[in-house]
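These notes are about the structure you will find just below.
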Amino acid sequence: RQAQYSALRDLACVTKDGQPIDLMINAGLAIDLPHIDDTGSSGIGLFRTELQFMIGQSLPRSSDQLALYRTVLDAAGSKPVTFRTLDIGGDKALPYMETVVEENPALGWRAIRLGLDRPGLLRSQIRALLRAGGGRSLRIMFPMISEVAEFDAAKAIVERELTYLRQHGHTLPERVDVGTMVEVPALLYQLDELLKKVDFISVGSNDLFQFLYAVDRGNSKVSDRFDTLSTPILRALRHIVRKAKAANRSVSLCGEMASQPLSALALIAIGYRALSVSAVSHGPIKAMILEVDAAKAEAAILPLLDAPAGSVSIRHKLAEFAEAH
Ligand code: PEP
Ligand code: MG
427 RQAQYSALRD LACVTKDGQP IDLMINAGLA IDLPHIDDTG SSGIGLFRTE
477 LQFMIGQSLP RSSDQLALYR TVLDAAGSKP VTFRTLDIGG DKALPYMETV
527 VEENPALGWR AIRLGLDRPG LLRSQIRALL RAGGGRSLRI MFPMISEVAE
577 FDAAKAIVER ELTYLRQHGH TLPERVDVGT MVEVPALLYQ LDELLKKVDF
627 ISVGSNDLFQ FLYAVDRGNS KVSDRFDTLS TPILRALRHI VRKAKAANRS
677 VSLCGEMASQ PLSALALIAI GYRALSVSAV SHGPIKAMIL EVDAAKAEAA
727 ILPLLDAPAG SVSIRHKLAE FAEAH
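Counting in the UniProt record's numbering, the sequence shown runs from 427 upward without gaps.
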């Protein structure tokens, strides 16, 4: 199998009917970097910066952060990397930081919430990212944004740090794209406003589904109580991709869903053209993409989203489509 997938490495990632798919990988540590090239991916769609913070015994110094981000950008070369700012707190606790006991950590003081309330950490991380991106392109993404005002506040930190670095004679990035994860359902009803401000969005389906279905993703008693290919989920995902396209903003999906071939097929059928997957899934997903006719998949699947929920198993129809093609 592995040899089969390696043979696909240098093929253009396009569907049978010629639709290019931007297939990227998720990463978080230096050890992941060889996969950028050995998979033939088009870049890193999600770099989880919190991993460096979670594996250490103490807060990484800003020089350590800078060194990692430089290493990542060097390894990626001309391929884009989307760095997500710290997604810590809640269930991703840092051993060396004050812990707040919360009854609902997934809904708690985490990610950008913590970042905006205690901006020292976020500011120094953003400074390290901007310094690492000096002279090249940089993409920064914020986790768990639930209101446009939070994005504004986070982006203001980027602007402020850019001014600081300029004043201190640092080489600035040639370009900085700033975007957000879409993983809090409230954001689905603010996309018109949000999309005017962001350069890109990426759907965090792991958290989005946990919140849509009110199902704790870390609790095995409930975590598989819903179907990823159910009508409500696919309608929500279609809503996001349609809004992004209408606003002319790039949209990707970087949650686990994209790493499952049948789910990735569903995403292509409803209009997604950029996916970020785990490195091990890159081969299987690319193999699927090369075999699929996106227009046919769309014609077969998209109408099912408008059928009454529960009247048809979209998963079953997708499996039939995959079988027949
Ligand atoms: C997600 O929520 O889908 C996501 C990609 O982020 P994480 O899994 O790190 O929360
Ligand atoms: Mg998430």
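The C-beta atom is built at its ideal place from N, Cα and C for all residues, glycine as well.
These numbers were taken from a predicted model, which means no experiment stands behind them.
{"Asked": "Beta-bridge partners of L730, as assigned by DSSP", "Found": "BP columns for L730 are empty, so no partner."}
{"Asked": "Burial state of Y590, where buried means 16 or more other Cβ atoms lie within 10 Å", "Found": "exposed"}
{"Asked": "N530, DSSP secondary structure in three states", "Found": "coil"}
{"Asked": "DSSP state of P599 mapped onto helix, strand, coil", "Found": "coil"}
{"Asked": "Same chain, Cβ closer than 7 Å to R539, five either side skipped, listed in chain order", "Found": "M570"}
{"Asked": "Any non-hydrogen atom of the ligand MG closer than 7 Å to P710 Cβ", "Found": "no"}
{"Asked": "Cβ-based neighbour list, Y522, same chain, cut-off 7 Å, excluding 5 preceding and 5 following", "Found": "Q483, S484, L485"}
{"Asked": "Residues near A705 in its chain [Cβ-Cβ closer than 7 Å; skip 5 each side]", "Found": "I451, D458, H461, T465"}
{"Asked": "Residue span of the alpha helix (DSSP H) that contains D543, given as start and end", "Found": "537 to 543"}
{"Asked": "Whole-angstrom distance between L701 and V440, CA atom to CA atom", "Found": "13 Å"}
{"Asked": "Distance cut-off 7 Å: G681 Cβ against heavy atoms of the ligand PEP", "Found": "yes"}
{"Asked": "Range of the contiguous alpha helix (DSSP H) that encloses residue 754", "Found": "Beyond the ends of the chain as shown, which are 427 and 751, falls residue 754; an answer cannot be given."}
{"Asked": "T606 versus F577 - alpha carbon distance", "Found": "8 Å"}
{"Asked": "Contacts around P446, its chain only, beta-carbon distance under 8 Å, and the 5 residues preceding and following it disregarded", "Found": "A438, C439, V440, R699"}
{"Asked": "For R741, three-class secondary structure by DSSP", "Found": "helix"}
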